[in-house]
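Residue numbers (full-length UniProt numbering): 1 to 312.
Idealized CB from N, CA, C, for every residue including glycine.
All of these numbers come straight from a predicted model, not from anything done at the bench.
What follows is a set of notes on a single structure, which appears directly below.
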Ligand code: NAD
Ligand code: UDP
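Okay, structure coming up:
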């Protein structure tokens, strides 16, 4: 198949492009390089089945493809809050453009949605039928509400125009090729620990997250895209839940670092707890994560350690 991956030069997108090529597909990677980098995909550029297009999905594009994975959107709070208007345009106008493309060429389209559609959840763990608790006017809203509108657009193009859609809600994912400077907790803590700097826990560190290794996520994404009788939305994440302060201790232990934990202000609207209920993914996709956190973190630590020795 010929497969378009928007945001293909980003963290998750680059792993997805690699796996799609390895499964024998042609891949068109489309990216505006806001947070993605050529380095993430440089290994793939020698493959004649791989094509790279510099393009912004807020502008329409004409292509002939069989599948579209719509991942283009900055994902870390620092990056999506840098230009919030652009973030929401990417989710809304970008998704409309990709749905228009899917409709024209009758391609199946998968939207990378997020656990952030549940906001600061009052139901725990989160199941797909929960509608969420999102602040519509806060500093995270450009991302959360943008992704919620993108889900609405997907459903309406499906109901109104018969577009073949899939929706996945991705929970916190980590692994090699996360950007060093993206401010997410996994990259921050590992880079701080490796450099012997203070580990910055926000708030008291009692908030929880559940971290999924990128290879597991990509496996779930591809299963969902090729699943014939289920459009989602479906949660994809690792249900192993940890507090942020426990996570800091884990990183210190795994890196053998001498770093100390310091406490900083908790950003506004930071969700207090997050854990996916993945029963639906297990039932419909026969999917569950297989990489345990220690194994995944070791690979990620090795990645950041090699970047730091190369001077980032
Ligand atoms: P990332 O920032 O590494 O990747 C996003 C990619 O999209 C980058 O390559 C960026 O340059 C590109 N991009 C951004 N705006 C664009 C635009 N307007 N036009 C074209 N390209 C654009 O982030 P990631 O972690 O790889 O996330 C990928 C997708 O998965 C995002 O849609 C994100 O919302 C979703 N997601 C990620 C996580 C996570 O934990 N990483 C969790 C939930 C959802
Ligand atoms: N966090 C932290 N220190 C950091 C970066 C993040 O304590 O240096 C916290 C953050 O407040 C949040 C959690 O870690 O509670 C996960 O943050 P991240 O930005 O990785 O993802 P998200 O909040 O989008 O789930």
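{"Check": "To test your reading of the DSSP string, which unbroken alpha helix (DSSP H) runs of 4 or more residues are found completely within the region 51-94?", "Outcome": "77-82"}
{"Check": "For the alpha helix (DSSP H) that residue 186 lies in, which residues bound it at each end?", "Outcome": "185-195"}
{"Check": "For the candidate residues 89, 85, 105, whose alpha-carbon lies nearest to that of residue 67?", "Outcome": "105"}
{"Check": "Which same chain residues end up closer than 8 Å to residue 91 when comparing Cβ atoms and leaving out the 5 residues on each side of it in sequence?", "Outcome": "73, 143, 146, 147, 149, 150"}
{"Check": "If the criterion is Cβ atoms closer than 7 Å, does the pair residue 170 and residue 234 meet it?", "Outcome": "no"}
{"Check": "With a threshold of 6 Å on Cβ separation, who are the neighbours of residue 172 within its own chain once the five nearest residues in sequence on each side are excluded?", "Outcome": "209, 211"}
{"Check": "How would you write the range of the beta strand (DSSP E) that residue 348 sits in, first residue to last?", "Outcome": "Because the chain in this structure spans residues 1 to 312, residue 348 falls outside the shown range and cannot be described."}
{"Check": "Beta-carbon separation of residue 255 and residue 301 under 7 Å?", "Outcome": "yes"}
{"Check": "Taking CB distances under 7 Å as the criterion, tell me whether residue 183 reaches chain D.", "Outcome": "No chain D appears in the structure shown, which is made up of a single protein chain."}
{"Check": "Any chance you could list the beta strand (DSSP E) runs of at least 3 consecutive residues sitting entirely within the region 235-312, in chain order?", "Outcome": "241-243, 261-264"}
{"Check": "Please report how far the alpha carbon of residue 198 lies from the alpha carbon of residue 187, in whole angstroms.", "Outcome": "14 Å"}
{"Check": "Would you check whether the ligand NAD has a heavy atom nearer than 6 Å to the C-beta of residue 36?", "Outcome": "yes"}
{"Check": "Exposed or buried, what is residue 262 when buried is set at 16 or more other beta-carbons lying within 10 Å of its beta-carbon?", "Outcome": "exposed"}
{"Check": "Taking only the alpha-carbon atoms, compute the straight-line gap between residue 80 and residue 61 and give it to the nearest angstrom.", "Outcome": "23 Å"}
{"Check": "Shorter than 6 Å, the distance from the beta carbon of residue 17 to the closest heavy atom of the ligand NAD, or not?", "Outcome": "no"}
{"Check": "From residue 294 to residue 11, what distance separates their C-alpha atoms?", "Outcome": "20 Å"}
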